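Peer 1: Residue numbers (this note's numbering), protein chains in the order written: chain A, 417 to 875; chain B, 41 to 509.
Glycine is no exception: its CB is placed at the ideal position from the N, C-alpha and C atoms.
From a predicted model like this one, the values you see are computed outputs, not experimental measurements.
Following this message is one structure expressed as structure tokens.
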Amino acid sequence: MLDHRLKKKITDIVGETGLRDGERANGYAVDGQVPAAVIFPTTPDEVEKVVTLALEEGLTIIPWGGGTQMGLGAPPRHVDLVVCLGRLEQILDQDAENMSLTAQAGIRLGVIQEKLRNVGQGFFLPLDPPCAEEVTLGGAVAANASGAGRLRYGTLRDLVLGVEVVIPEETGKGTRAVAGGKTVKNVSGYDMSKLYIGSLGTLGIVVAITCKILPLPEDRATVVAGFSGEDAPWACAQAVRESQLTPSSIEVYDRETASLFLEAVKPSAEEVSWVAVRLEGISEAVAHQIAEIEALARSQGVAHIGILRGSDEVEYWQQMGRLGVAVGTEKPLSIGLKVSVPLSLASEISKTIGERGARMNLPFRRLSHAGSGIVYTHVPLSEDIYVEKEEALAHMVKTVREQAEDMGGSVIVEYAPPAFKKKVDVWGEAGSVFPVMKGLKREFDPKGILNPGRFVGGI
Amino acid sequence: MKKGVLIQKMESIVGRGNVVSSRTGLLVYEYDGSLQRGLPEAVAFATAAEQVSDLARLARAERIPFLARGSGTNLSGGTVPVRGGIVIELSRMNRILEIDLKNQRAVVEPGVFNLTLQEVLAPLGYYYAPDPASQKVATMGGNIGENSGGPLCLKYGVTTNHVLGLEVVLPNGAIVQMGGKALDYPGYDLKGVIVGSEGTIGIVTKITVRIMRLPAAVKTLLAIYDSVEDAGQTVSDIIAEGIIPATLEMMDKLVMQAVEQAVHAGYPLDAEAVLIIELDGLPEGMDRIAQRVLEICKKNGVRKVEMAATGAERDKLWMGRRGAFGAIGRLAPSYMVNDGTVPRTELPRVLKRVAEIGEKYGVAIGNVFHAGDGNLHPLILFDERDRNQREVVEKASYEILQACLDVGGTISGEHGIGKEKLRAMRLLFGNKDLHAMWKVKRVFDPENLCNPGKVLPEMEEEETGTAHA
Numbered sequence: 417m418l419d420h421r422l423k424k425k426i427t428d429i430v431g432e433t434g435l436r437d438g439e440r441a442n443g444y445a446v447d448g449q450v451p452a453a454v455i456f457p458t459t460p461d462e463v464e465k466v467v468t469l470a471l472e473e474g475l476t477i478i479p480w481g482g483g484t485q486m487g488l489g490a491p492p493r494h495v496d497l498v499v500c501l502g503r504l505e506q507i508l509d510q511d512a513e514n515m516s517l518t519a520q521a522g523i524r525l526g527v528i529q530e531k532l533r534n535v536g537q538g539f540f541l542p543l544d545p546p547c548a549e550e551v552t553l554g555g556a557v558a559a560n561a562s563g564a565g566r567l568r569y570g571t572l573r574d575l576v577l578g579v580e581v582v583i584p585e586e587t588g589k590g591t592r593a594v595a596g597g598k599t600v601k602n603v604s605g606y607d608m609s610k611l612y613i614g615s616l617g618t619l620g621i622v623v624a625i626t627c628k629i630l631p632l633p634e635d636r637a638t639v640v641a642g643f644s645g646e647d648a649p650w651a652c653a654q655a656v657r658e659s660q661l662t663p664s665s666i667e668v669y670d671r672e673t674a675s676l677f678l679e680a681v682k683p684s685a686e687e688v689s690w691v692a693v694r695l696e697g698i699s700e701a702v703a704h705q706i707a708e709i710e711a712l713a714r715s716q717g718v719a720h721i722g723i724l725r726g727s728d729e730v731e732y733w734q735q736m737g738r739l740g741v742a743v744g745t746e747k748p749l750s751i752g753l754k755v756s757v758p759l760s761l762a763s764e765i766s767k768t769i770g771e772r773g774a775r776m777n778l779p780f781r782r783l784s785h786a787g788s789g790i791v792y793t794h795v796p797l798s799e800d801i802y803v804e805k806e807e808a809l810a811h812m813v814k815t816v817r818e819q820a821e822d823m824g825g826s827v828i829v830e831y832a833p834p835a836f837k838k839k840v841d842v843w844g845e846a847g848s849v850f851p852v853m854k855g856l857k858r859e860f861d862p863k864g865i866l867n868p869g870r871f872v873g874g875i
Numbered sequence: 041m042k043k044g045v046l047i048q049k050m051e052s053i054v055g056r057g058n059v060v061s062s063r064t065g066l067l068v069y070e071y072d073g074s075l076q077r078g079l080p081e082a083v084a085f086a087t088a089a090e091q092v093s094d095l096a097r098l099a100r101a102e103r104i105p106f107l108a109r110g111s112g113t114n115l116s117g118g119t120v121p122v123r124g125g126i127v128i129e130l131s132r133m134n135r136i137l138e139i140d141l142k143n144q145r146a147v148v149e150p151g152v153f154n155l156t157l158q159e160v161l162a163p164l165g166y167y168y169a170p171d172p173a174s175q176k177v178a179t180m181g182g183n184i185g186e187n188s189g190g191p192l193c194l195k196y197g198v199t200t201n202h203v204l205g206l207e208v209v210l211p212n213g214a215i216v217q218m219g220g221k222a223l224d225y226p227g228y229d230l231k232g233v234i235v236g237s238e239g240t241i242g243i244v245t246k247i248t249v250r251i252m253r254l255p256a257a258v259k260t261l262l263a264i265y266d267s268v269e270d271a272g273q274t275v276s277d278i279i280a281e282g283i284i285p286a287t288l289e290m291m292d293k294l295v296m297q298a299v300e301q302a303v304h305a306g307y308p309l310d311a312e313a314v315l316i317i318e319l320d321g322l323p324e325g326m327d328r329i330a331q332r333v334l335e336i337c338k339k340n341g342v343r344k345v346e347m348a349a350t351g352a353e354r355d356k357l358w359m360g361r362r363g364a365f366g367a368i369g370r371l372a373p374s375y376m377v378n379d380g381t382v383p384r385t386e387l388p389r390v391l392k393r394v395a396e397i398g399e400k401y402g403v404a405i406g407n408v409f410h411a412g413d414g415n416l417h418p419l420i421l422f423d424e425r426d427r428n429q430r431e432v433v434e435k436a437s438y439e440i441l442q443a444c445l446d447v448g449g450t451i452s453g454e455h456g457i458g459k460e461k462l463r464a465m466r467l468l469f470g471n472k473d474l475h476a477m478w479k480v481k482r483v484f485d486p487e488n489l490c491n492p493g494k495v496l497p498e499m500e501e502e503e504t505g506t507a508h509a
């Protein structure tokens, strides 16, 4: 419970409307732990003051963006304050001619895309993480969220040009520091953005980001090919990867996943596995690639091919991006895995995962970035099924992780019930660099107030 | 430790023939591609990570600085031992360890020349995107240290976007692995911080990079202009139309004249500027885009546009551009090259400022640069043996950097801060920003022995609460 003195200190910074406590904080629980207060700063100055206050009072901070990926990470050691960045939502510099955009951390990606669509001939931020409309830019940075388009456009580590961060300094004050800038080429000083991206807010609270934007492609289409076997889509994906075609995305998914999809590609009885290739660019090149991929799919014995364009095409990818959410809302106790291995081994580990799901009689929904070697598995669970299968699932994660690590990759449990997170290390081992990671955490957050315990190795 | 004992210990690590300690031998390592100078105590050629580790431990035990060096083509003094100590030479650690086509990765040792990797990949139908102009001689380890760019970086990114794994010897001698062949390993992106850290937080001993399929088609154009501003405006206009060429490079008259003397690439001697524009991708539709580019050039008063009809013609065009810095040697004994980077639309304005600054100080300045990403390289010609000239050139340089910052740019696009731009770091960053970077340095290298005196300017005690030397 928030005492009166502390409450006043908070409202002195953010006003009455910037604070929710008591029952009103219930919607901001992290792994079941409800914060004493949820604070909504509206400026970077206020963020600094809140951090300073937390340092003074010895309180922990859980930064919060759009709340779409709060399941990521181990359960926090202690939750005092949730600091929601959602009201820092201004665009600070929109420079389409120079293909850069600077915005505050709380702006939603959907808002950015909407604004950019109407600039000049149309621009976009080439980032398509799950829940692309609601995710905040700062949240995406903290989680290093990405989507299928990463094949062509890269991830935030390739898109971010500069950041501004509030660091809980050893001086006892929340202090803003900038790194990077506006230009695509920049080697002035250390590449600090790389540290902050994917650090889950454990080194500082990002308040502003500058990133690359691109002109919207002239044309766009997606080829969806359904097969009666599991291997053919992967063979197609490999052939496309090894060709000189320039797809934006190559996704492979199974029947369980497809059942959530658009009418246009509702699976026929014989289709069990799909590859979807997204093509963007000048219209002649898109047309040529559609033809090439169709031919490829036919040579692999395709059962059904669909070509999506326009709003159907956009809708299809949006639905794909909501897969984790769809699973979560359908059966609240769900588990999501992200398995990343060298490209050529993804089909093998995907198969292993599928077989385990079948053996456990659980609906494993697999969706893979076949051009990147990343296999996502979503497992919807009701309460009694969870209780029944908890041990087996924990065992599965451990063995899949062993297999992935033998292949030179990794496994992350992206979301799971708090009880499951106690049974399984969600991140896996940090490896030989752990001492350096710990050293960085000590330097940037000496009091350990930011997201304590949520990151790799319990950082 | 007496020098003799130090050399002996180094020899026991890398072998007797692999340590340089004579005065004449050491002079070769006193300089790099910049104007900085610093004599090392000794140089050791290492060929294995364990040797690098032992050398670092030795230096640390003796409390002497150490730094890594590849080909020494560094343009900001990053490979000059400005505080003495040991140079760990990696140019003999130059094996390509693995070409893994099915995973689209290559694993190389730091001493491999960038071009060597390209030449091995090309017949297989692949390439490694970061292609700095110095690729014939610059090493992959050096590329990592500087986060090198290259003409292709407008479309494909710089070194850090293609490095997926590193083996690093930390300043305390520990050999650690960062990243690997897969993507998104859990933890902080430490390899992302190592890239571009100019050898100040560790020494890279193995590199895993992404390799890509060569594009199906390439179209190279040479656009000849009678004014530098028109060329600059063309660059802006091309991007504004949503066309992202693979490459957009510019050279001015001074540079072209030097290049023609050196390599006879076929550049016009009387034009004020040329643009090399390269489109890549699928051939379908490429002609239409090339036509649009042509129209934009014409709109901006281009004199003539030539298109390379064969691979040989294309190579010839590029030979000139890549040989530009080297060719400058025909015009003056020394040059000071700037590396300011500005938002592309500011190019015409900044180029004008550069010309004004040249006139103000009475120095000749040639321009060759990556117009597509706004990374300028004004080359100020002079003779460094004349102390007065050196001072003038440094003043002119500083003003050019300031001009870049005035338009929202940065002080280094790809050559690094090194020692040369230390002072200029304070034009760009405040104490709090530098303080955050010093945190990183402190974690990796608490004793400040790993390439000290580079990248981060020293901070006063009262600025930070603790002294950083």
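Identify which residue in Ser452(B), Arg77(B), Trp478(B) has its Cα closest to the Cα of glycine 467(B).
Peer 2: Here residue 467(B) refers to the residue found at position 427 of the second sequence. Checking the displayed sequence, the identity of residue 467(B) turns out to be leucine instead of glycine. Comparing Cα-Cα distances from leucine 467(B) to each of Ser452(B), Arg77(B), Trp478(B), the minimum goes to Ser452(B).
Peer 1: In whole angstroms, what separates the C-alpha of histidine 508(B) from that of valine 83(B)?
Peer 2: Indexing the second sequence from 1 puts residue 508(B) at position 468. Indexing the second sequence from 1 puts residue 83(B) at position 43. Residue placement at histidine 508(B) is flagged as unreliable, the pLDDT there being 41, under the threshold of 50; a coordinate-derived value is accordingly withheld.
Peer 1: Should isoleucine 875(A) be counted as a contact of the ligand MN given a C-beta to heavy atom distance under 6 Å?
Peer 2: No copy of the ligand MN occurs in the structure displayed, which carries no ligand at all.
Peer 1: Report the option in Arg657(A), Arg671(A), Leu739(A), Asp428(A) whose CA atom is closest to the CA atom of valine 693(A).
Peer 2: Residue mapping note: residue 693(A) aligns to position 277 of the first sequence, counting from 1. Nearest C-alpha to valine 693(A): Arg657(A).
Peer 1: Which residues bound the beta strand (DSSP E) around glutamine 175(B)?
Peer 2: Working through the second sequence from its first residue, we reach residue 175(B) at position 135. Careful: glutamine 175(B) lies outside any beta strand (DSSP E) and carries neither H nor E.
Peer 1: State the Cα-Cα distance for the pair leucine 749(A) and lysine 259(B), rounded to the nearest angstrom.
Peer 2: Your numbering for residue 749(A) matches position 333 in the first sequence. Your numbering for residue 259(B) matches position 219 in the second sequence. Each residue's Cα considered, the two are about 55 Å apart.
Peer 1: Pick helix, strand or coil for aspartate 428(A), following the three-state DSSP scheme.
Peer 2: Here residue 428(A) corresponds to residue number 12 of the first sequence, with the count starting at 1. It is helical.
Peer 1: In whole angstroms, what separates the C-alpha of phenylalanine 365(B) from that of valine 408(B)?
Peer 2: Stepping through the second sequence from its first residue, residue 365(B) is reached at position 325. Stepping through the second sequence from its first residue, residue 408(B) is reached at position 368. If you take the alpha carbons of phenylalanine 365(B) and valine 408(B), they lie about 8 Å apart.
Peer 1: Looking at the C-beta of serine 131(B), does it have a partner C-beta in chain A at a distance below 7 Å?
Peer 2: In the second sequence, residue 131(B) corresponds to position 91, counting from 1. By this cut-off, serine 131(B) is not an interface position.
Peer 1: Taking 7 Å as the threshold (C-beta atoms), are alanine 286(B) and aspartate 320(B) in contact?
Peer 2: Position 280 of the second sequence holds residue 320(B). Position 246 of the second sequence holds residue 286(B). Against a cut-off of 7 Å, the Cβ pair of alanine 286(B) and aspartate 320(B) comes out as a contact.
Peer 1: How would you list, in chain order, the residues of chain A whose beta-carbon sits under 7 Å from the beta-carbon of lysine 356(B)?
Peer 2: Translated into positions along the second sequence, residue 356(B) becomes position 316. Near lysine 356(B) there are no residues of chain A at all, since even the closest Cβ is about 25 Å away, more than 7 Å.
Peer 1: Taking only three categories from DSSP, how would you classify alanine 372(B)?
Peer 2: Within the second sequence, residue 372(B) is the residue found at index 332, counting from 1. The answer is coil: DSSP assigns alanine 372(B) none of H, G, I, E or B.
Peer 1: Could you give the distance in angstroms between the alpha-carbon of valine 60(B) and the alpha-carbon of valine 557(A)?
Peer 2: Here the question's residue 60(B) lines up with position 20 in the second sequence. Here the question's residue 557(A) lines up with position 141 in the first sequence. When rounded, the distance between both Cα atoms is 47 Å.
Peer 1: List, in chain order, every chain A residue whose beta-carbon is nearer than 9 Å to that of glycine 453(B).
Peer 2: Working through the second sequence from its first residue, we reach residue 453(B) at position 413. Chain A residues near glycine 453(B): Thr599, Val600, Lys601, Asn602, Val603, Ser604.
Peer 1: Using only CA atoms, which one of Gly325(B), Arg132(B), Val127(B), Asp355(B) lies nearest to valine 87(B)?
Peer 2: In the second sequence, the residue the question calls residue 87(B) occupies position 47. First, the amino acid is wrong: residue 87(B) is threonine here, not valine. It is Arg132(B) whose Cα lies nearest to the Cα of threonine 87(B).
Peer 1: On the criterion of 16 or more Cβ atoms from any shown chain inside 10 Å, does threonine 815(A) qualify as buried, or is it exposed?
Peer 2: Here residue 815(A) refers to the residue found at position 399 of the first sequence. It counts as exposed.
Peer 1: Any residues in the region 478-491 of chain B with a beta carbon nearer than 7 Å to a beta carbon of chain A? Which ones, in chain order?
Peer 2: Taking 7 Å as the Cβ-Cβ cut-off against chain A, the residues of the region 478-491 of chain B that qualify are Lys479, Val480, Arg482, Val483, Phe484.
Peer 1: Quick one: is methionine 138(B) buried, meaning 16 or more other Cβ sit within 10 Å of its Cβ, or exposed?
Peer 2: Translated into the one-based positions of the second sequence, residue 138(B) becomes position 98. Looking at the sequence shown, residue 138(B) is not methionine but glutamate. Exposed, since its Cβ has fewer than 16 Cβ neighbours within 10 Å.
Peer 1: Would you decide whether histidine 455(B) is buried or exposed? Buried here means 16 or more other CB atoms lie within 10 Å of its CB.
Peer 2: Numbered from its first residue, the second sequence carries residue 455(B) at position 415. Burial call: buried.
Peer 1: Valine 122(B) to arginine 77(B), Cα distance in whole Å?
Peer 2: The residue given as residue 122(B) occupies position 82 in the second sequence. The residue given as residue 77(B) occupies position 37 in the second sequence. Spanning the two alpha carbons is a distance of roughly 7 Å.
Peer 1: Where in the region 251-306 of chain B do unbroken runs of the alpha helix (DSSP H), each at least 4 residues long, occur, reported from the N-terminal end onward?
Peer 2: Complete alpha helix (DSSP H) runs here, min 4: 268-280, 293-303.
Peer 1: So that I know if they touch, is there some Cβ in chain B lying closer than 7 Å to that of valine 816(A)?
Peer 2: The residue you call residue 816(A) lines up with position 400 of the first sequence. Taking Cβ atoms only, chain B never reaches closer than 7 Å to valine 816(A), which makes this a no.
Peer 1: Where does histidine 494(A) land, buried or exposed, given buried means 16+ other C-beta within 10 angstroms?
Peer 2: Sequence index remark: in the first sequence, residue 494(A) carries index 78 (1-based). Looking at its Cβ environment, which holds fewer than 16 other Cβ atoms inside 10 Å, histidine 494(A) is exposed.
Peer 1: In three-state DSSP terms, what is methionine 486(A)?
Peer 2: In the first sequence, the residue the question calls residue 486(A) occupies position 70. The answer is coil: DSSP assigns methionine 486(A) none of H, G, I, E or B.
Peer 1: Which residues in chain C sit within 9 Å of isoleucine 698(A), going by Cβ to Cβ distance?
Peer 2: In summary, chain C is missing from the structure at hand, where the protein chains are A and B.
Peer 1: Throw me the rounded Cβ distance for the glutamate 859(A) and lysine 479(B) pair, which I believe falls under 8 Å.
Peer 2: Counting from 1 along the first sequence, the entry for residue 859(A) is found at position 443. Counting from 1 along the second sequence, the entry for residue 479(B) is found at position 439. Rounded, the Cβ-Cβ distance is 4 Å, consistent with contact.
Peer 1: What are the complete alpha helix (DSSP H) segments, minimum 4 residues, inside the region 637-696 of chain A?
Peer 2: Here the runs fully enclosed are 647-658, 671-674.
Peer 1: Measure the C-alpha to C-alpha separation of lysine 767(A) and tryptophan 650(A) and round it to an integer number of angstroms.
Peer 2: As a position in the first sequence, residue 767(A) is number 351, starting the count at 1. As a position in the first sequence, residue 650(A) is number 234, starting the count at 1. Taking the straight line from one Cα to the other gives about 11 Å.
Peer 1: Quick one: is glycine 489(A) near chain B, going by C-beta distance under 7 Å?
Peer 2: Here residue 489(A) refers to the residue found at position 73 when the first sequence is read from its first residue. No, its Cβ sits nowhere closer than 7 Å to a Cβ of chain B.
Peer 1: Checking contacts by CB at 7 Å: is glycine 855(A) closer than that to chain B?
Peer 2: Counting from 1 along the first sequence, the entry for residue 855(A) is found at position 439. Closer than 7 Å to some Cβ of chain B, the Cβ of glycine 855(A) qualifies, so yes.
Peer 1: Since aspartate 635(A) and isoleucine 706(A) are thought to touch, with beta carbons under 8 Å apart, how far apart are those beta carbons, to the nearest angstrom?
Peer 2: One-based indexing of the first sequence puts residue 635(A) at position 219. One-based indexing of the first sequence puts residue 706(A) at position 290. In fact, because the Cβ distance is near 10 Å, the residues do not count as touching under 8 Å.
Peer 1: Report the rounded CA-to-CA distance for glycine 125(B) versus lysine 472(B), giving the unit in angstroms.
Peer 2: By 1-based counting over the second sequence, the position of residue 125(B) is 85. By 1-based counting over the second sequence, the position of residue 472(B) is 432. In a straight line, the C-alpha of glycine 125(B) is about 30 Å away from that of lysine 472(B).
Peer 1: With respect to the beta strand (DSSP E) encompassing valine 755(A), which residues constitute its N-terminal and C-terminal limits?
Peer 2: Working through the first sequence from its first residue, we reach residue 755(A) at position 339. Note, valine 755(A): beta strand (DSSP E), 751-756.
Peer 1: Could you please give the first and the last residue of the uninterrupted beta strand (DSSP E) stretch that includes arginine 592(A)?
Peer 2: Walking along the first sequence from the start, residue 592(A) turns up at place 176. Note, arginine 592(A): beta strand (DSSP E), 590-596.
Peer 1: Reducing DSSP to helix, strand and coil, say where threonine 599(A) ends up.
Peer 2: Your numbering for residue 599(A) matches position 183 in the first sequence. Threonine 599(A) falls in the coil class under three-state DSSP.
Peer 1: Can you name the residues of chain B whose CB is closer than 7 Å to the CB of tryptophan 843(A)?
Peer 2: Here residue 843(A) is taken as the residue at index 427 of the first sequence, counted from 1. Within chain B, the residues near tryptophan 843(A) are Pro226.
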